[in-house]
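Asker: Starting off with a structure, shown below.
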Amino acid sequence: MVLKASLFANMKEKQVPCRTRGCDNTWTWEANDQLRWMGEGKDDPPQRMCPQCYAKYNDLSEMQVPCANDTCENTWTWTKVARLAALKRGRTEPPTDRLCNGCRDQAKSVKGLDVPCRVRGCDGTWYWTAEERMAADGGTDTAKPPLRMCEKCYDRFRHLRDETVPCRIAQCEGTWLWTRRMQLETPADKGNEPPRRMCDDCAAIFSELESKEQPCRISGCDKTWTWTRFMQIEAQRFGDGQPQPRMCNACFNRFREFSDKEVRCRIGGCKNSWIWTKGMQLEAAAKGRVRQPRRMCTDCMDQIAEFENKEISCKQEGCDGTWTWSTEAQLSASRTGRKSDPPAKLCRTCKQFLAKTTTQTLTCQKCDTTITWTKEHQLNVKLGVWSKPTLCADCRRAKEPAASQQAQRQ
Ligand SMILES: [Zn+2]
Ligand SMILES: [Zn+2]
Ligand SMILES: [Zn+2]
Ligand SMILES: [Zn+2]
Ligand SMILES: [Zn+2]
Ligand SMILES: [Zn+2]
Ligand SMILES: [Zn+2]
Ligand SMILES: [Zn+2]
């Protein structure tokens, strides 16, 4: 009695973890029970449930669950302990992937399979176990493997988070969800960049649109450019619904090859230049014009307004015609700084007369020598300034020596 009492004195009751997997509770191991347990030579404390688990355990009953193999009618037993453990993890329904004992035995003759990872672009595999295959087709090798990730992908998948990405339409503030699955399937060379996508609102409009051909904005070009569905959405949702003027591809490519050119002002004597822009060159090319145009510099364009066309008397004696001193010619004269007086010029009628007339051959009335009758002389005769020659120079001089000076004006 004394011995026993002293033993009891050293023994204290203990809190021992509940045997149910997933349960954090403890049960109380009383001192006398510990003593008895040790007396039987056992070291580890007994496997027991906490009072709550035990109460639940008593409410539960074993369950017969159909075999996961659809072609099998048998069942397997979901024990009270297993049910309790499942309950602790919040599961009330039996697992659906378990085989009956018979099927489990049969699965030993079925081979597991390495199946390609479901993630596009991944060349990893996952292992389809014999039991899973058995459950899928009863060992007949007819079922296709399910879609699953390899371990590596699954691991990445677990660490990824769905991301909200802005709509690809420039001015749209909508977003779309870049899911973990989509991220996983983004090819490695694309890094972590989300693809360009539209939000749902934009996508809904997109599906009802068709791309349209639009005329090139370069006048003279009869090609077209494609008004894409994306551009149309932008125009519809955030613009006036109309396409922006654009160049066709051919013009655009040509445009890039061109460069602005400095061209000398067309006004004679002006040292300025003007810029023949790429756009102007492109329009010229589209109209089939290859030569560089002749234009005035901006200074000349401003100053030419100060001039007016002037009618100037023909320089030909006896002619009362005029010629037009153009504003451009006047500007040019002022640029050279030479003079403000008009040059001496023939009127159009006189010019045309000289152009049409040919030099004539006459015969001297006195000595039969040949006389050359120049065009200029003919003009003077036509206008009544001089008279048509009848004598050669020698005969004329012999007749009127005083007039020889005038004769040389021919
Ligand atoms: Zn418990
Ligand atoms: Zn079975
Ligand atoms: Zn994978
Ligand atoms: Zn959008
Ligand atoms: Zn074009
Ligand atoms: Zn100029
Ligand atoms: Zn004239
Ligand atoms: Zn003569």
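Residue numbers for the sequence shown follow our numbering, beginning at 1419 and rising by one. Using N, Cα and C, we set each Cβ at its ideal position, and we do this for glycine too. Keep in mind it's a predicted model, so treat the numbers as computed, not measured.
So, using beta-carbon positions, are residue 1797 and residue 1780 closer together than 8 Å?
Answerer: Their beta carbons are not under 8 Å apart, which means residue 1797 does not touch residue 1780 by this criterion.
Asker: Counting pairs of Cβ atoms below 8 Å between the region 1680-1689 and the region 1647-1657, do you hit three or more?
Answerer: Verdict: no, contact absent.
Asker: With hydrogens ignored, establish whether the beta-carbon of residue 1717 is closer than 7 Å to any heavy atom of ligand 6.
Answerer: Flag set: Cβ of residue 1717 near ligand 6.
Asker: Helix, strand or coil for residue 1455? Go by DSSP, reduced to three states.
Answerer: Reduced to three states, the DSSP call for residue 1455 is helix.
Asker: Which residue's Cα is closest to the Cα of residue 1577: 1817, 1597, 1563 and 1640?
Answerer: Selected option, being the one with the closest Cα: 1597.
Asker: DSSP three-state call for residue 1419: helix, strand or coil?
Answerer: Its pLDDT being 43, under 50, residue 1419 is placed unreliably in this model, and the value from its coordinates should be taken loosely. Residue state, collapsed to three classes: coil.
Asker: Closer than 6 Å from C-beta to any heavy atom of ligand 1: which residues, in chain order?
Answerer: Checking every Cβ against the heavy atoms of ligand 1 under 6 Å gives 1436, 1438, 1441, 1443, 1467, 1468, 1470 and 1471.
Asker: Kindly give me the distance between the Cβ atoms of residue 1705 and residue 1666, rounded to whole angstroms, as I take these residues to be in contact under 8 Å.
Answerer: The pair is not a contact, with the Cβ atoms about 15 Å apart (cut-off 8 Å).
Asker: With a Cβ-Cβ cutoff of 8 Å, do residue 1615 and residue 1579 count as a contact?
Answerer: No.
Asker: Can you check DSSP and say which residues form a bridge with residue 1682?
Answerer: In the DSSP output, where bridge partners are listed per residue, residue 1682 has 1691.
Asker: Would you kindly check if the distance between the Cβ of residue 1483 and the Cβ of residue 1512 is under 8 Å?
Answerer: In contact: residue 1512 and residue 1483 (Cβ atoms closer than 8 Å).
Asker: Taking DSSP's pairing of strands, which residues face residue 1789 in a bridge?
Answerer: Bridge partners of residue 1789: 1780.
Asker: Distance check for residue 1669 and residue 1695, CA to CA, integer angstroms please.
Answerer: The alpha-carbon atoms of residue 1695 and residue 1669 are separated by roughly 14 Å.
Asker: Assign residue 1433 to one of two classes, buried (16 or more other C-beta atoms within 10 Å of its C-beta) or exposed (fewer than that).
Answerer: So residue 1433 ends up on the exposed side.
Asker: Bridge partners for residue 1532 per DSSP, in chain order?
Answerer: Residue 1532 pairs with 1545.
Asker: Just confirm the distance between the C-beta atoms of residue 1687 and residue 1736, as a whole number of angstroms; I'd bet it's less than 8 Å.
Answerer: With a Cβ gap of about 33 Å, residue 1687 and residue 1736 do not count as contacting.
Asker: If you draw a straight line from the alpha carbon of residue 1419 to that of residue 1453, how long is it in whole angstroms?
Answerer: Low confidence applies to residue 1419: its pLDDT is 43, below 50, so where it sits in the model is not reliable enough to give any reading.
Asker: Apart from the five residues on each side of it in sequence, which residues of its chain come closer than 6 Å, Cβ to Cβ, to residue 1456?
Answerer: Excluding positions up to five away in sequence, the list is empty.
Asker: Using the beta-carbon count (16 or more within 10 Å), is residue 1636 buried or exposed?
Answerer: Buried, because 16 or more other Cβ atoms sit within 10 Å of the Cβ of residue 1636.
Asker: Does ligand 8 have a heavy atom nearer than 7 Å to the CB of residue 1790?
Answerer: The answer is no for residue 1790.
Asker: Are the CB atoms of residue 1734 and residue 1764 within a distance shorter than 8 Å?
Answerer: Closer than 8 Å, so yes.
Asker: Thinking C-alpha only, which one of 1611, 1613 and 1648 is nearest residue 1629?
Answerer: Comparing Cα-Cα distances from residue 1629 to each of 1611, 1613 and 1648, the minimum goes to 1648.
Asker: Can you list, in chain order, the residues of its chain with a C-beta nearer than 8 Å to that of residue 1429? Leave out the 5 residues immediately preceding and following it.
Answerer: For residue 1429, where only same-chain residues beyond five positions count, the Cβ hits under 8 Å are 1449, 1450, 1452 and 1453.
Asker: Does the Cβ of residue 1595 lie closer than 7 Å to at least one heavy atom of ligand 2?
Answerer: Outside the cutoff, so no.
Asker: Is it buried or exposed for residue 1755, if we count other Cβ within 10 angstroms and need 16 for buried?
Answerer: Exposed, because fewer than 16 other Cβ atoms sit within 10 Å of the Cβ of residue 1755.
Asker: Any heavy atom of ligand 2 inside 7 Å of the beta-carbon of residue 1520?
Answerer: Yes, Cβ of residue 1520 sits closer than 7 Å to a heavy atom of ligand 2.
Asker: Quick one: grab the DSSP three-state call for residue 1382.
Answerer: Nothing can be reported for residue 1382: it is not among the residues displayed for the chain, which extend from 1419 to 1828.
Asker: Less than 8 Å between the beta carbons of residue 1732 and residue 1743, yes or no?
Answerer: No, the Cβ-Cβ distance between residue 1732 and residue 1743 is not below 8 Å.
Asker: Under 7 Å from any heavy atom of ligand 3, by CB: list those residues in chain order, please.
Answerer: For ligand 3, the selected residues are 1535, 1537, 1540, 1542, 1567, 1568, 1570 and 1571.
Asker: Going by the C-beta, is residue 1745 closer than 7 Å to any heavy atom of ligand 7?
Answerer: False, no ligand heavy atom lies under 7 Å from that Cβ.
Asker: Classify residue 1487 as buried or exposed, calling it buried when 16 or more other Cβ atoms lie within 10 Å of its own Cβ.
Answerer: Its Cβ being crowded by 16 or more others within 10 Å, residue 1487 is buried.
Asker: Using the beta-carbon of each residue, find all residues closer than 6 Å to any heavy atom of ligand 4 and list them in chain order.
Answerer: Counting every residue whose Cβ lies closer than 6 Å to a heavy atom of ligand 4, we get 1585, 1587, 1590, 1592, 1616, 1617, 1619 and 1620.
Asker: Should residue 1565 be labelled buried (16 or more other beta-carbon atoms within 10 Å of its own) or exposed?
Answerer: It counts as exposed.
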